């Protein structure tokens with residue numbers, strides 16, 4: 067349904083569809099298109115304009131998406147990082163960046179509302195708590211486990227001779243990749259035991275003596291504690307009965323609420339998924355309803371290896387604005403899913419991940435299509451984090467520069483391709499909503515690159531060079547001897563007397579300490595390669611060239627060469643490396659847009675919101691710093707054309 071209230075009569079476009087892909091570099095997207103795995107993006111590119119887009123630094127989700135949605139740089143909107151300096155607090159205390167209340171700039175969807183138009187957001191990143199007032203929002207927190215709503219993260223029940231499926235190589239830290247937790251156990255071990263003597267009743271026919279596994283779902287498991295929906299979840303037991311239907315050994319599991327074969331919730335063969343079922347869980351003494359499904363991944367004929375997967379358990383309500391939208395989705399569309407088990411990559415098998423990822427993408431499209439069919443809308447915004455998930459896992463070794471074995475490179479390259487193919491299928495369904503008056507944008511917040519050398523640990527560098535000192539025998543910072551520490555991804559703050567609670571560096575030594583830090587970083591050599599990993603180091607004042615300024619910016623800001631970084635973060639936004647890069651994706655097509663053009667002039671992430679507003683005839687977002695990408699437009703002066711036409715009509 068289209069909203070017709072206050073629609074400008076002469077704007078090139080009447081509606082916009084914005085599709086976000088977290089971590090999707092234009093370099094890699096173009097490769098995927100050229101390889102033939104993204105036909106829908108290929109058509110948008112051929113019918114519109116595209117260019118590698120310059121993003122924010124650090125090349126990171128919170129500042130990137132906020133800049134894209136507000137048209138202002140992070141020194142203006144203040145969403146600097148996942149972990150932002152807490153002014154006035156000890157330097158090892160930070161503010162969590164996934165929070166719209168931190169933004170000092172107006173979001174595009176609020177600009178749309180201010181103009182009397184209707185936005186719909188479906189899992190749009192960095193949009194929670196909701197700021198929509200007349201529009202609709204479905205979820206919109208952060209990557210993977212970083213959400214406020216899930217009842218429980220995934221469970222992977224394993225027993226016997228089970229083994230994970232890692233790809234090897236280094237792992238990006240949580241400061242860069244908070245889509246997975248690294249200090250929690252990633253499986254749920256179970257013991258395979260004889261069912262005899264356990265009190266089972268109503269057993270199914272079995273050619274082998276039935277065996278059992280106890281399966282306990284733990285509400286609040288594998289979630290980010292600071293974003294959890296509660297403090298205490300009550301474990302909920304299920305009982306798995308392993309049995310054999312033929313002469314080839316064990317081949318099925320029946321999952322029951324009690325030790326009764328007649329109390330089953332699912333009965334699965336190897337490789338089979340159950341349907342979703344609605345169940346009740348207890349958190350902080352209160353019941354909450356959520357959807358559960360299971361897949362029997364592994365069961366050997368001798369029952370000496372068992373693997374049962376339960377994806378994220380998502381509630382049936384509480385994750386939308388207005389609240390009643392969740393009830394509609396539940397009734398008219400079906401169960402929602404925010405995290406397609408990114409945090410289980412390398413633990414369970416690749417096929418199971420991609421089956422769940424496909425459901426996730428199709429469900430995002432289902433929700434978007436339902437809401438646009440039943441509600442007035444002018445701007446639809448849908449986001450997937452899947453490209454970033456693949457950046458932190460598959461892309462890391464999907465290129466020969468990684469030095470990985472050929473079989474690992476092949477597996478990882480296939481994982482990258484399957485990811486983008488799934489994203490492209492979702493895009494194909496979303497652009498079906500576009501008519502001749504619709505402009506379509508496919509964009510990203512930052513990019514991703516493969517790994518080559520071991521990523522540089524800046525805290526270790528500062529320790530080795532004497533700036534960070536730890537108390538004897540501990541990893542606790544000794545503030546009485548520490549002159550500077552790293553905060554967030556690219557910032558180094560001096561432990562300045564009078565500014566920091568435990569400051570020791572005299573203000574008269576501030577500039578000399580800055581110069582010393584910069585000299586140390588420039589002189590540093592990686593012990594394994596003998597190479598310099600730092601591409602630049604700047605004072606706070608000079609960091610303005612990177613659109614960084616103010617008290618949330620380090621006294622020294624540094625960037626790494628891509629060879630010494632993880633998937634993204636500390637690399638400059640202009641980097642290309644291997645099959646990837648850090649340029650954000652910008653593909654614009656449809657109403658008011660030139661056709662089949664590779665743009666030559668620079669496009670920046672802060673230009674997205676003002677360009678969409680200009681095409682739709684909307685006012686500019688408050689605090690906007692970006693500009694309109696005039697090179698992309700069929701008529702860059704459409705407003706003057708409209709005035710001329712009005713004047714001519716009046717004269718006639």
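Numbering (my numbering), first residue to last: 67 to 718.
Note that the Cβ used here is the ideal one computed from N, Cα and C, for glycine as well.
Keep in mind the model is a prediction, meaning the values are calculated, not measured.
Going by C-alpha to C-alpha distance, which of the options sits closest to residue i?
| i | options | result |
| --- | --- | --- |
| residue 380 | 180, 602 and 288 | 288 |
| residue 720 | 88, 211 and 224 | Missing from the structure shown is residue 720; the chain here goes from 67 to 718 and no further. |
| residue 520 | 199, 99, 632 and 480 | 632 |
| residue 89 | 81, 122 and 102 | 122 |
| residue 103 | 480, 558 and 647 | 480 |
| residue 135 | 352, 171 and 539 | 171 |
| residue 509 | 101, 133, 76 and 80 | 133 |
| residue 655 | 688, 79, 114 and 77 | 114 |
| residue 373 | 398, 399, 336 and 404 | 336 |
| residue 325 | 246, 395 and 263 | 263 |
| residue 301 | 308, 323, 291 and 292 | 323 |
| residue 644 | 663, 702, 467 and 483 | 467 |
| residue 168 | 176, 178 and 142 | 142 |
| residue 653 | 674, 220 and 125 | 674 |
| residue 292 | 405, 203 and 164 | 164 |
| residue 503 | 363, 456, 612 and 658 | 658 |
| residue 282 | 227, 221 and 215 | 221 |
| residue 558 | 360, 625 and 536 | 625 |
| residue 191 | 145, 180 and 219 | 145 |
| residue 199 | 567, 386, 648 and 424 | 386 |
| residue 227 | 470, 610, 627 and 257 | 257 |
| residue 525 | 518, 541 and 517 | 541 |
First and last residue of the beta strand (DSSP E) that includes residue i?
| i | result |
| --- | --- |
| residue 552 | 550 to 553 |
| residue 604 | 600 to 605 |
| residue 432 | Not the beta strand (DSSP E): residue 432 falls in the alpha helix (DSSP H), residues 416 to 440. |
| residue 309 | 302 to 309 |
| residue 410 | No beta strand (DSSP E) contains residue 410, which DSSP labels as neither H nor E. |
| residue 578 | Residue 578 -> not in any beta strand (DSSP E); alpha helix (DSSP H) instead, spanning 576 to 589. |
| residue 203 | 202 to 204 |
| residue 563 | Residue 563 -> no beta strand (DSSP E), and no H or E assigned at all. |
| residue 621 | It is not in any beta strand (DSSP E) - residue 621 carries neither H nor E in the DSSP assignment. |
| residue 320 | 318 to 322 |
| residue 151 | 149 to 151 |
| residue 87 | 81 to 87 |
Quick check on the DSSP output: the alpha helix (DSSP H) that includes residue i runs from which residue to which?
| i | result |
| --- | --- |
| residue 473 | 472 to 496 |
| residue 130 | 127 to 136 |
| residue 93 | 92 to 100 |
| residue 524 | 524 to 530 |
| residue 141 | 140 to 143 |
| residue 675 | 674 to 682 |
| residue 521 | Premise fails: residue 521 is in no alpha helix (DSSP H) and is neither H nor E. |
| residue 721 | Only positions 67 to 718 of the chain appear in the structure, and residue 721 is not among them; the question remains open. |
| residue 185 | Segment 185 to 188 is the beta strand (DSSP E) holding residue 185; no alpha helix (DSSP H) there. |
| residue 179 | 174 to 180 |
Is residue i near the ligand MN, with its Cβ less than 8 Å from a heavy atom?
| i | result |
| --- | --- |
| residue 258 | Annotation note on the ligand MN: not contained in the displayed structure, which lists no ligands. |
Find out if the Cβ-Cβ distance for the pair residue i, residue j is shorter than 9 Å.
| i | j | result |
| --- | --- | --- |
| residue 318 | residue 269 | no |
| residue 91 | residue 238 | no |
| residue 119 | residue 670 | yes |
| residue 233 | residue 478 | yes |
| residue 593 | residue 606 | no |
| residue 280 | residue 296 | no |
| residue 82 | residue 678 | yes |
| residue 707 | residue 513 | no |
| residue 334 | residue 634 | no |
| residue 376 | residue 223 | yes |
| residue 690 | residue 702 | no |
| residue 505 | residue 79 | yes |
| residue 127 | residue 206 | no |
| residue 533 | residue 583 | yes |
| residue 436 | residue 394 | yes |
| residue 662 | residue 554 | no |
If we count Cβ pairs, one from each stretch, closer than 8 Å, do we get three or more for the stretch 315 to 331 versus the stretch 268 to 282?
yes
Three Cβ pairs or more, each shorter than 8 Å: is that satisfied between the stretch 153 to 162 and the stretch 685 to 695?
no
Restricting to runs no shorter than 3 residues, where is the beta strand (DSSP E) found entirely within the stretch 253 to 297?
277 to 283
Would you list, in sequence order, the uninterrupted beta strand (DSSP E) runs of no fewer than 3 residues that lie entirely inside the stretch 324 to 410?
330 to 335, 343 to 349, 352 to 358, 361 to 365 and 371 to 376
Under 8 Å: do the stretch 436 to 451 and the stretch 184 to 191 share three or more Cβ pairs, one atom per stretch?
yes
Can you list, in chain order, the stretches of the beta strand (DSSP E) that have 3 or more residues and sit fully within the stretch 194 to 243?
202 to 204 and 221 to 226
Taking three-plus beta-carbon pairs below 8 Å as touching, is the stretch 189 to 196 in contact with the stretch 347 to 361?
no
Using 8 Å as the Cβ pair cut-off and three pairs as the minimum, do the stretch 565 to 579 and the stretch 494 to 507 touch?
no
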